[in-house]
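For reference, the structure is listed below as structure tokens.
4 protein chains.
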Amino acid sequence: MSRPDVSAQRTAEILAAATETFARLGLGTARMEDVAAAAGVSKGTLYLYFKSKDALVAALLQALFAPLTEALTLLDGAGTAEDRLTRYISATLALLEGLQSRISLVFDAFALAPRNEAVRQLMADHLHAYHAALVRTLEHGVASGEFRPVDTAQVAALLMALFDGLLQMAAVDPEAAALRTRGRGALRFVLDAIRRPPGRSA
Amino acid sequence: MSRPDVSAQRTAEILAAATETFARLGLGTARMEDVAAAAGVSKGTLYLYFKSKDALVAALLQALFAPLTEALTLLDGAGTAEDRLTRYISATLALLEGLQSRISLVFDAFALAPRNEAVRQLMADHLHAYHAALVRTLEHGVASGEFRPVDTAQVAALLMALFDGLLQMAAVDPEAAALRTRGRGALRFVLDAIRRPPGRSA
Amino acid sequence: MSRPDVSAQRTAEILAAATETFARLGLGTARMEDVAAAAGVSKGTLYLYFKSKDALVAALLQALFAPLTEALTLLDGAGTAEDRLTRYISATLALLEGLQSRISLVFDAFALAPRNEAVRQLMADHLHAYHAALVRTLEHGVASGEFRPVDTAQVAALLMALFDGLLQMAAVDPEAAALRTRGRGALRFVLDAIRRPPGRSA
Amino acid sequence: MSRPDVSAQRTAEILAAATETFARLGLGTARMEDVAAAAGVSKGTLYLYFKSKDALVAALLQALFAPLTEALTLLDGAGTAEDRLTRYISATLALLEGLQSRISLVFDAFALAPRNEAVRQLMADHLHAYHAALVRTLEHGVASGEFRPVDTAQVAALLMALFDGLLQMAAVDPEAAALRTRGRGALRFVLDAIRRPPGRSA
DNA sequence: GATGAATGAGGCTTCATTCAT
DNA sequence: AATGAATGAAGCCTCATTCAT
């Protein structure tokens, strides 16, 4: 009945400010001072909640990826495989659009991954969970007769690559973005390619 | 017939050393001293050839992307559209595998792009040239009857995203990579999807 | 009633240390490290109080000239023109003797002036105020009949040049200095030359 | 009958270029590279003619002061003391106006003097020779009855200070310069003050 | 003599982190 | 818990000087 949430809330505030600041200035460029200013606290306070800049970055990236990982549950929901994929992709595209300004953090994370084990692990875990969920869904579709008997691992990887790539392109060339449109088009393309032709069974 | 190549060669040596060093340590982490040591010259010499660390990074990224841009000419060569795409993708996958250890530089570049106009421009230019060449090739294929009348801009974007995404995933999870295998599989998948069914006209 | 003086005091300490250090080693030769050591703080602390070495130098020169400019008020005090001039020169000579060891800073400032607009402005402002005050005093003396109807602007410039020159010579050749003696002698010489001969009006 | 003058000429060229360059950029700011470029030779060549930057500066200042010292012979020429003083001051003012753009070097030299024994010696020597010549001339004037029996050492110092001061003021505030006009006015002022009143002997 | 590429010591400045209050 | 002044290691860059050609 004490208030552990007081500091929990402060932690969240700092994390939010750090996310905004690091996204705007870059992981390497943003200074702890900048984060402190954005959070409305002093530099010293940052160190009461996070051991170091690295720890703050790690926590921040974890928080950034959490909703994306959580959205994977949509792939194990009810409905046809196609429904699930569509639902998941819609939700994810919405999440990504919500990330908007924070998108550059994702690239900072990718750049960091090969040289920071914690970050690499974090991202690898996400990608594995992502891949596994896609494979399960695709196999469900194949088993149910929705999809042709494709190489599910291969198609899963292809779908992941597709969306990562779209995200990346959107970041470099935001005008040509239309991330949501492109994303849906890409899914449709893949579904068209793996869907079992309708009148085929006749 | 004098020796303008003296500097040219030294420039190339420094660029090579810088590439290796920045790839290994990261654009932000590597120090000019590290580059100098790798190049076997003194710190001061670096500044004889490049005005600043930023200039060195810019030159290095330009050099990194040049062969990738150059490979685009394969898309405008002879043969069917499918041949050209296959040839180009093979060449590019080979290039990327050759990049191997330097691949993290690409991600550093992506992370830098939103905050460094020179880098953003460099990458945007490459992506535009890439997209235009793909569109040309796909339209050729559609005109010749190889491909179904697909939305070429959309498919081109999809192909680009696909390969960028594969590259990205390969970096985070190098073991599951098999970049070349995955890449060819992805191309085959797309080609299968857009190829005009053989006996269809009958 | 908080402690805005904490920084104010530290600022003053640093300024004092910088003055001593720059005077001893020269504006160009002294390192920020030297100043820090003299102030008993770390290098980083210097930058908490002054944006750069240049800013520190500018602040220091401003502080150096302030008392000299302030002494000009003596020229507008009570008494005959001759009293005022004598009083002012005495006070200024005392100030300059107090500057003693810091005198080389004045020459550094003169050397800097043509190439540093802030410094040039600072000194030009002082010289203009100086000249104007002298002219006012001389004109008062002419109006009151103390002085012959001389060209006051010219005599003012001459007085200024005289004292600047004495200062300069004292710096190069400190032994022959006797700045105070020479200074008083110079003033007497000028006063003798412009004073209206006593019984002349008879 | 060889050509020792070849290198003598080259030495002079370098000295001229150095003078212009150091005057323009400042003794501390100008780089050996700048001097080399101005002289139209390579950096290495500079070191064939001068052992170091310091040596170059010393030679340059010596050359700068030489004509001023030489002009002192005019004080020992023919004519009345007043003639000689007038002639000398005219010649010197012309020299100084010729120095124009190089005038800031004089202040660099004054700033350097307290911390560079060679420079201090050079300037002290000049000032002593200057003072001695003035004293001689004034004493000649007193002896001949041109001047009142003034304290010649004191008046000599006063004259020197006067002209040094005028020079200094001209540098800080070039617009109010009119160095030549002010200089002549100053001399006239002093002569008027020490000249024996014409009909006085009667 | 002349060159200019190469050197490396050294200066200015930044910033993650600490700690006394 | 919170602060923010203080620290000092470390990075980028400059430039006087050297030396092989």
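Protein chains in written order, with the working numbering: chain A, 90 to 291; chain B, 90 to 291; chain C, 90 to 291; chain D, 90 to 291.
Glycine residues also receive a C-beta, built at the ideal position from the N, C-alpha and C atoms.
Only counting the same chain, and skipping five residues up and downstream in sequence, which positions put a Cβ closer than 8 Å to that of residue i?
i, result
"leucine 149 (chain B)", "Leu104, Ala107, Thr108, Phe111 and Leu194"
"lysine 142 (chain B)", "Met121"
"arginine 92 (chain D)", "Summary for arginine 92 (chain D): the model assigns pLDDT 47, below 50, so the residue's position carries little reliability; its value from the coordinates is reported in the next sentence. For arginine 92 (chain D), where only same-chain residues beyond five positions count, there are no Cβ hits under 8 Å."
"glycine 166 (chain C)", "Arg173 and Arg176"
"glutamate 228 (chain A)", "Thr241"
"lysine 132 (chain A)", "Met121, Glu122 and Ala125"
"serine 179 (chain C)", "Arg273"
"glutamate 206 (chain B)", "none"
"glycine 168 (chain D)", "Arg176"
Suppose the cutoff is 6 Å on Cβ atoms and the five residues either side in sequence are ignored; what does the same chain contact list for residue i look like?
i, result
"threonine 100 (chain B)", "Tyr138"
"leucine 145 (chain C)", "Ala107 and Phe139"
"arginine 237 (chain B)", "Ile283 and Arg285"
What do you reckon, are the CB atoms on residue i and residue j nearer than 8 Å?
i, j, result
"proline 156 (chain D)", "leucine 185 (chain D)", "no"
"valine 261 (chain B)", "leucine 216 (chain A)", "yes"
"glycine 117 (chain D)", "alanine 170 (chain D)", "no"
"arginine 284 (chain A)", "glutamate 235 (chain A)", "yes"
"alanine 127 (chain B)", "glycine 254 (chain A)", "no"
"leucine 153 (chain B)", "arginine 191 (chain B)", "yes"
"valine 224 (chain D)", "alanine 242 (chain D)", "yes"
"alanine 282 (chain C)", "aspartate 281 (chain D)", "yes"
Looking only at its own chain, which residues have a Cβ that is under 7 Å from the Cβ of residue i, when we skip the five neighbours before and after it?
i, result
"serine 290 (chain D)", "Its pLDDT being 46, under 50, serine 290 (chain D) is placed unreliably by the model, and the measurement read from it follows with that caveat. Closer than 7 Å at Cβ, skipping near neighbours: no residue."
"threonine 158 (chain D)", "His215 and Ala218"
"glutamate 102 (chain D)", "Ala128"
"alanine 97 (chain A)", "none"
"leucine 114 (chain D)", "Asp123"
"leucine 211 (chain A)", "Leu150, Gln151 and Phe154"
"alanine 119 (chain A)", "Thr110 and Phe111"
"methionine 90 (chain C)", "Residue placement at methionine 90 (chain C) is flagged as unreliable, the pLDDT there being 38, under the threshold of 50; the coordinate-derived value follows with that caveat. Around methionine 90 (chain C): no qualifying Cβ."
"aspartate 94 (chain B)", "Residue confidence is low: aspartate 94 (chain B) scores 43 on pLDDT, short of 50, so the model does not pin down where it sits. Its coordinate-derived value is still stated next. So no residue of the chain qualifies."
Would you mind giving the Cβ-Cβ distance between residue i and residue j, rounded to the nearest angstrom? I have them listed as a contact below 8 Å.
i, j, result
"leucine 164 (chain C)", "alanine 222 (chain C)", "4 Å"
Taking the alpha-carbon of residue i as reference, which of the options has the nearest alpha-carbon?
i, options, result
"phenylalanine 199 (chain A)", "B:Met258, B:Thr226 and B:Glu122", "B:Met258"
"valine 252 (chain A)", "A:Ser233, A:Pro238, A:Thr241 and A:Phe278", "Rather than valine, the amino acid found at residue 252 (chain A) in this sequence is phenylalanine. Minimum Cα distance to phenylalanine 252 (chain A) is reached at A:Phe278."
"threonine 181 (chain D)", "D:Val130, D:Asp281, D:Thr270 and D:Gly115", "D:Thr270"
"histidine 220 (chain D)", "D:Ala245, D:Ala125, D:Gly187 and D:Tyr136", "D:Ala245"
"valine 208 (chain D)", "D:Ala147, D:Leu227 and D:Asp240", "D:Ala147"
"leucine 256 (chain B)", "B:Leu188, B:Ala232 and B:Val239", "B:Leu188"
"leucine 268 (chain C)", "D:Met212, D:Leu247 and D:Asp197", "D:Leu247"
"serine 233 (chain C)", "C:Thr162, C:Asp172, C:Lys132 and C:Phe196", "C:Asp172"
"arginine 204 (chain C)", "D:Leu227, D:Leu280 and D:Asp197", "D:Asp197"
"alanine 213 (chain C)", "C:Lys132, C:Arg237 and C:Gln151", "C:Gln151"
"threonine 226 (chain C)", "C:Ser131, C:Thr162, C:Lys132 and C:Ala119", "C:Thr162"
Which full runs of the alpha helix (DSSP H) of 4+ residues lie inside the segment 134-180 of chain C, going along the chain?
142-160
Continuous alpha helix (DSSP H) assignments of at least 4 residues falling wholly in the segment 187-248 of chain B
192-201 and 206-233
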